[in-house]
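Below is one structure, written out as structure tokens, with a few remarks after it.
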Amino acid sequence: MKPVILDVDTGIDDALAIAYALNSPELEIIGLTTCFGNGPIENTTRNTLLVLEQLGKKVPVYSGADKPLNRPAKKFPTHVHGEDGLGNTVKKAPLMEAESEGAVAYIINQVKQRPHEMTIIAVGPLTNIALAVKKEPGIVSLVKEVVIMGGAVFTGGNTTPFSEANVFADPEAAECVFSSGLSVTVVGLDVTMQTLLPNAILADWRARDREESHFFADMTSFYMQAYETFHPGIGGCALHDPLAVGVVIDPSFVKKEKWNVKVVLEGEETGRTVALAEGEPKIQVCRQVEADRFLNHFLSRLF
Ligand code: RIB
Ligand code: CA
3 MKPVILDVDT
13 GIDDALAIAY
23 ALNSPELEII
33 GLTTCFGNGP
43 IENTTRNTLL
53 VLEQLGKKVP
63 VYSGADKPLN
73 RPAKKFPTHV
83 HGEDGLGNTV
93 KKAPLMEAES
103 EGAVAYIINQ
113 VKQRPHEMTI
123 IAVGPLTNIA
133 LAVKKEPGIV
143 SLVKEVVIMG
153 GAVFTGGNTT
163 PFSEANVFAD
173 PEAAECVFSS
183 GLSVTVVGLD
193 VTMQTLLPNA
203 ILADWRARDR
213 EESHFFADMT
223 SFYMQAYETF
233 HPGIGGCALH
243 DPLAVGVVID
253 PSFVKKEKWN
263 VKVVLEGEET
273 GRTVALAEGE
283 PKIQVCRQVE
293 ADRFLNHFLS
303 RLF
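For the sequence shown, the residue numbers in my numbering are 3 to 305.
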């Protein structure tokens with residue numbers, strides 16, 4: 003079992019990623035850390051707790067960054083994830099609470115306690131990871147691997163024509179993480195836009211006699227409608243965050259290349275992830291994915 007911290011901005015596809023990760027015996031999810039992103043930090047933390055409650059899993063949750071490193075927060079993507087971040091399905095407060103320790107302190111402490119063991123999967127803005135590295139640069143050589151959902155290296159963006167949402171939300175944090183020397187794998191739109199969950203799956207989830215499959219069907223329906231609006235005829239929604247989890251479970255789902263990835267920090271291309279052949283450090287960029295094999299694996303684990 004790989005010990006993993008899952009850093010989330012829950013979010014509909016984050017919720018699917020949490021379920022996939024917690025139902026996968028290859029991973030030991032020791033804690034969930036939260037970041038602003040798909041909503042304000044209060045909502046992303048609440049949503050994370052609600053998802054755990056629905057799954058019947060007890061995993062500690064640590065609340066993290068409420069804003070980008072050094073720019074004001076942008077508008078939250080309510081058109082994709084709903085006003086509440088879970089497709090307007092939230093009807094109650096969670097029973098559990100987040101831990102008193104903050105996400106950044108938790109990440110630093112766990113990495114130090116388990117040198118060269120910890121994998122961090124980060125599927126929201128990279129603010130918590132950047133803050134941890136800035137506060138304690140020594141953790142860079144102690145983290146086993148950081149797998150991130152973010153970036154659009156050889157393809158267009160989804161928030162602007164140039165930028166993917168997680169990088170756009172905090173470009174300086176992404177630049178900090180990519181240039182830190184951490185062992186980073188980028189699972190960007192280059193591959194996640196190929197891993198589509200077909201709309202037809204909702205009928206199957208709704209036919210199941212399980213509360214959690216209805217919980218996920220309701221929120222995913224909202225997400226699928228957003229995809230149809232922005233990509234008419236696409237027929238499904240992108241499994242962005244679940245693919246980052248999948249790559250940790252089975253790296254053979256993707257083919258990677260090493261590039262020096264820089265983030266544009268100014269102008270209309272802000273948030274663009276640019277791959278350079280020259281310069282260091284090189285990080286792993288996913289270029290191809292076995293989409294069907296991944297989708298079948300994801301579906302076999304979700305419930
Ligand atoms: O661009 C996709 C990413 O943005 C995913 O992490 C999704 O949850 C949203 O935050
Ligand atoms: Ca996310």
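Yeah, the Cβ is synthetic: ideal placement off N, Cα and C, and Gly gets one too.
This one's a predicted model, so the numbers in the text were calculated from it and none came from an experiment.
Given residue i as reference, the closest of the options once Cα atoms are compared
| i | options | result |
| --- | --- | --- |
| I109 | G140, F164, P79 and G89 | G140 |
| Q56 | P5, T275 and S215 | S215 |
| V189 | V287, I20, A167 and K146 | V287 |
| L24 | K114, G104, K258 and P244 | P244 |
| E270 | H233, V291, G104 and T162 | T162 |
| M195 | A240, R210, G104 and E280 | A240 |
| N160 | D192, E292 and A107 | D192 |
| A134 | G104, A19 and H242 | G104 |
| V291 | K260, G281, F255 and P283 | F255 |
Proximity of residue i and residue j at Cβ, strictly below 8 Å
| i | j | result |
| --- | --- | --- |
| E101 | P42 | no |
| T36 | G66 | yes |
| Y22 | R208 | no |
| V263 | T272 | no |
| F300 | R212 | no |
| V249 | V186 | no |
| M3 | L34 | no |
| L88 | N49 | yes |
| L198 | I236 | yes |
| A132 | A175 | yes |
| G178 | K136 | First, the residue type needs correcting, since residue 178 is Cys and not Gly in the sequence shown. Yes, they are a contact pair. |
Limits of the unbroken alpha helix (DSSP H) element including residue i
| i | result |
| --- | --- |
| C178 | P173 to F180 |
| S215 | E213 to F232 |
| Q196 | From DSSP, Q196 is part of no alpha helix (DSSP H); its letter is neither H nor E. |
| V82 | T80 to H83 |
Buried or exposed (CB count within 10 angstroms, at least 16 for buried), residue i
| i | result |
| --- | --- |
| T47 | buried |
| T231 | exposed |
| E85 | exposed |
| Q115 | exposed |
| P173 | buried |
| Q112 | buried |
| G158 | exposed |
| A19 | buried |
| A95 | exposed |
| S2 | This structure does not reach residue 2, given that the chain is present from 3 up to 305, and the question cannot be answered. |
Check: residue i C-beta below 7 Å from any heavy atom of ligand 4
| i | result |
| --- | --- |
| N45 | Absence of ligand 4 from the depicted structure is noted, with ligand 1 and ligand 2 being the only ligands included. |
Boundaries of the beta strand (DSSP E) in which residue i is found, first to last residue
| i | result |
| --- | --- |
| N262 | V256 to V265 |
| T157 | Unbroken run through T157: none, as it is neither H nor E. |
| P5 | K4 to V10 |
| G238 | G238 to A240 |
| L29 | L29 to T36 |
| T121 | T121 to A124 |
| T187 | V186 to V189 |
- Three CB pairs or more closer than 8 Å across the stretch 113–133 and the stretch 12–21: yes
- Message: Whether or not the stretch 104–122 and the stretch 154–171 are in contact is what I'm after, with contact meaning three or more pairs of Cβ atoms, one per stretch, closer than 8 Å; do they touch?
- Response: no
- Inter-stretch contact (C-beta, 8 Å, three-pair minimum) for the stretch 214–228 and the stretch 68–84: yes
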